[in-house]
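Reviewing the structure listed below.
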Amino acid sequence: MRYPGGFVGPKSGLACFLLQDAQYGLYIYNVKHYHLQVLFCLLWLFPVQVMKAQEESFESFMQTKREEFVLTEDMKAAEKSYNEKILERMKIHLKNGFGIYQEDRVTLIAGKDRSVYIPLVKGQWYHFVYVGDPHAEKISVNLFLDGLGYVVNDRLKPQQTGEYWSEFSFICPQSGMYELMLFQRCGISRPLSYLTVFQKSLQDETLN
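Quick note on numbering: our numbering labels position 58 of the sequence shown as 65, and the sequence is numbered without any gaps.
Here it is as structure tokens:
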């Protein structure tokens, strides 16, 4: 297409050329002005549409999360048993003269090993209590030190025995950073998991 004035315009028909005729010049100006208005409106509406889409996406995400984290009655009962077991074992060992050396909930992913590093001192008496998820099919607890090897290997099958907690006591033979390896096979992706390490001085025990 050839426009007046001898300049060849683009295929889109948008005005980007010079015209000698004032009438055509006014027409081209209006075309330009119209396209600028349309472009401005589109630019103004785009962030609004993006914000609406983000709000819908976020609301959908939150709804999914609310559904995902609904606790069943069975899960509530298991959590109650788990909490009661932690308090029960704590009460018994504190009464027997142990003090709490370390305690915390251990974040665990079902089917994956998790290591916790604990500094222990030679000659001290330590008692470990690890309470797992009552729903777990298998729980394993291993205590290891480089140069010394495995100090403890414990395996539990809660669905067969009803026991979902492991505890063991030993006098530390060598100071060092011990590795406690925890594992749970469970139908719940993040099973319940709590560790309490008690400590008692052998010197205090001798005095008693």
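We put the CB at the ideal spot given by N, CA and C, even for glycine. Note that the structure is a prediction, hence the values are computed from the model and not measured.
{"Query": "Which value, in whole angstroms, describes the spacing of the CA atoms of R96 and C179?", "Result": "21 Å"}
{"Query": "Run through the DSSP bridge pairs and tell me what S225 is partnered with.", "Result": "The structure shown does not extend to residue 225, since the chain is modelled only from 8 through 215, so no value can be given for it."}
{"Query": "Please say whether S176 and D161 have beta carbons closer to each other than 9 Å?", "Result": "no"}
{"Query": "Report all residues from its chain with a CB closer than 6 Å to the CB of C193; omit the five preceding and five following residues, and keep chain order.", "Result": "A117, D140, H142, A143"}
{"Query": "DSSP state of L25, grouped into three classes?", "Result": "Confidence in L25 is poor, its pLDDT being 38 and thus under 50, which makes the residue's placement unreliable; the coordinate value appears in the next sentence. Note: L25 maps to coil in three-state DSSP."}
{"Query": "What residues in its chain sit with their C-beta under 8 Å from that of S196, if we drop five residues either side in the sequence?", "Result": "I116, A117"}
{"Query": "Excluding the 5 residues flanking L209 on each side, which residues of the same chain have their C-beta closer than 8 Å to its C-beta?", "Result": "G130, Q131, W132, I178"}
{"Query": "Taking 9 Å as the cut-off, decide whether the C-beta atoms of Y201 and Y108 are in contact.", "Result": "no"}
{"Query": "Going by other Cβ atoms of all chains shown within 10 Å of its Cβ, with 16 needed for buried, is Y171 buried or exposed?", "Result": "buried"}
{"Query": "Among the candidates I125, K98, K83, whose CA atom is the shortest distance from the CA of S182?", "Result": "I125"}
{"Query": "For L155, is the classification buried or exposed, using 16 other Cβ atoms within 10 angstroms of its Cβ as the cut-off for buried?", "Result": "exposed"}
{"Query": "By DSSP, does P180 sit in helix, in strand, or in coil?", "Result": "coil"}
{"Query": "T203 to F135, Cα distance in whole Å?", "Result": "6 Å"}
{"Query": "Just the Cα atoms here: how many angstroms apart are D120 and L127?", "Result": "21 Å"}
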